[in-house]
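Notes follow once the structure below has been shown.
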Amino acid sequence: MPKNNCIIEVEGLYTRFGNHVVHENIGLCVQRGEVLTLVGGSGSGKTALMRQMLGLETPAQGTVKVFGEPLHGRNRQQIQNMRNRCGVLFQKGALFSALSVYDNIALPMRELRTLDEEMIRDLVMLKLEMVEIAPVHANKMPAELSGGMIKRIALARAMALNPELLFLDEPTAGLDPELSEGFVRLIKTMQSELTFTIIMATHDLDTLVALSDRVAVLADKHLVALGTVREVIHTKHAFISNFFCGVRGRKTLENSSIL
Ligand SMILES: Nc1ncnc2c1ncn2[C@@H]1O[C@H](COP(=O)(O)OP(=O)(O)OP(=O)(O)O)[C@@H](O)[C@H]1O
71 MPKNNCIIEV EGLYTRFGNH VVHENIGLCV QRGEVLTLVG GSGSGKTALM
121 RQMLGLETPA QGTVKVFGEP LHGRNRQQIQ NMRNRCGVLF QKGALFSALS
171 VYDNIALPMR ELRTLDEEMI RDLVMLKLEM VEIAPVHANK MPAELSGGMI
221 KRIALARAMA LNPELLFLDE PTAGLDPELS EGFVRLIKTM QSELTFTIIM
271 ATHDLDTLVA LSDRVAVLAD KHLVALGTVR EVIHTKHAFI SNFFCGVRGR
321 KTLENSSIL
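The numbering used here numbers the first residue of the sequence shown as 71 and each following residue consecutively.
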């Protein structure tokens, strides 16, 4: 059993790309069942940290444990088994453009090689229903869909294998406020019904406030604050003041009774 109920534990993590240092000595525990949001300026290393948690990149130094086991030293099959327990909705490559909606969602199920097509069909239709997309859209191609539908179908694909951990990178980017609100509501409902853990990166304060149990703030290569929004906003740091306490930020926090 991982200590303190951590589903992910990051310790002493350094990230470097050539001479460019992105993270210095990051330590973090993602608790099972929470929604933890990574926030920080552009280039502060939110995506890089999530990629390391998925074993897609290796830190220059430090350890990342997922489901209680270090990623370092795991073989390909072990990493794949770990990833099968994770759902990913990243900004780029939300859907494969050459595959229909149906085949996009079926893909992770087929890759498992343990489910027959009849079972996959039932599961795909269930996932579509879960993200409130009518079955009539199953045979459409991504190019025929609106931005809001693409996000929902990408979420259905991320949820294809009932993940214990869901990674969301800028989930509401590119959606107008109304669609964004609907998408956030959907994520919140699914998370409360299915109780999985979410690691999210977002620049959008409305999305952050609506979904996060805790927030991790990355700035100046370090984790400068970690806690609930209420706790984090009291940390004295220029990024935190600008992000949470500017005119727009204050309005969002006031509307959600945080200020
Ligand atoms: N594979 C890579 N090779 C070289 N540099 C990289 C690589 N991946 C990320 N970086 C650099 O690391 C830094 C952190 O990138 P990352 O994408 O994690 O930031 P971010 O906080 O997610 O930014 P944004 O909010 O703009 O998405 C950036 O300066 C980026 O250019």
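Where is the CB? At the ideal position from N, CA and C, for every residue including glycine.
Just so we're clear, the structure is a prediction, and the values are computed from it rather than from any experiment.
Residue burial classification, residue i (beta-carbon count within 10 angstroms, cutoff 16)
i	result
D274	buried
S311	exposed
V171	buried
M71	Low local confidence applies: a pLDDT of 46 at M71 is under 50, so the model's placement there is unreliable, and no value is given.
F313	buried
N151	exposed
G88	exposed
L196	exposed
G115	buried
P205	exposed
S386	Within the shown structure, residues of the chain are numbered from 71 to 329, placing residue 386 beyond reach of any answer.
E79	buried
V92	buried
P129	buried
A168	exposed
G110	buried
A308	exposed
V317	exposed
C315	exposed
Q148	exposed
T184	exposed
Beta-carbon gap between residue i and residue j smaller than 8 Å
i	j	result
P212	F266	no
M200	M229	yes
V294	I328	no
N174	L182	no
R153	L177	no
D283	L106	yes
K334	A280	Residue 334 is absent from the model: the chain starts at 71 and stops at 329.
E202	R227	no
L198	G217	no
L231	M179	yes
T277	V254	yes
Segment limits, beta strand (DSSP E) that includes residue i
i	result
G103	Here G103 belongs to no beta strand (DSSP E), and DSSP marks it neither H nor E.
E251	That residue, E251, is in no beta strand (DSSP E); its alpha helix (DSSP H) goes 247–264.
I220	Unbroken run through I220 is the alpha helix (DSSP H), 217–228; no beta strand (DSSP E).
V80	76–87
G157	156–159
I268	267–271
G132	131–136
L239	Correcting the residue type first, residue 239 is Asp in the shown sequence and not Leu. Taken as a continuous stretch (DSSP letters only), the beta strand (DSSP E) holding D239 covers 235–239.
Start and end residues, alpha helix (DSSP H) containing residue i
i	result
K197	187–200
D283	No alpha helix (DSSP H) contains D283, which DSSP labels as neither H nor E.
L119	116–123
L296	That residue, L296, is in no alpha helix (DSSP H); its beta strand (DSSP E) goes 292–297.
P178	171–182
Chain D contact for residue i (CB, 8 Å cutoff)
i	result
P129	Here chain D cannot be found, since the structure has a single protein chain.
Residue i beta carbon near ligand 3 (any heavy atom closer than 7 Å)
i	result
G125	Absence of ligand 3 from the depicted structure is noted, with ligand 1 being the only ligands included.
Checklist entry - Given 8 Å as the limit, is there contact between the stretch 78–87 and the stretch 127–145, that is, 3 or more CB pairs closer than that? => result yes
Item to check | Three CB pairs or more closer than 8 Å across the stretch 187–198 and the stretch 260–279 | outcome: no
Item to check | the stretch 149–162 contacting the stretch 236–250, beta-carbon criterion three pairs below 8 Å | outcome: yes
Next on the checklist: Contact between the stretch 93–100 and the stretch 288–304 is defined here as three or more beta-carbon pairs at a separation below 8 Å; is this criterion met?
Outcome noted: yes
Next on the checklist: Beta-carbon distances below 5 Å to any heavy atom of ligand 1 define the shell here; list its residues in chain order, please.
Outcome noted: F87, V92, S112, G113, S114, G115, K116, T117, A118
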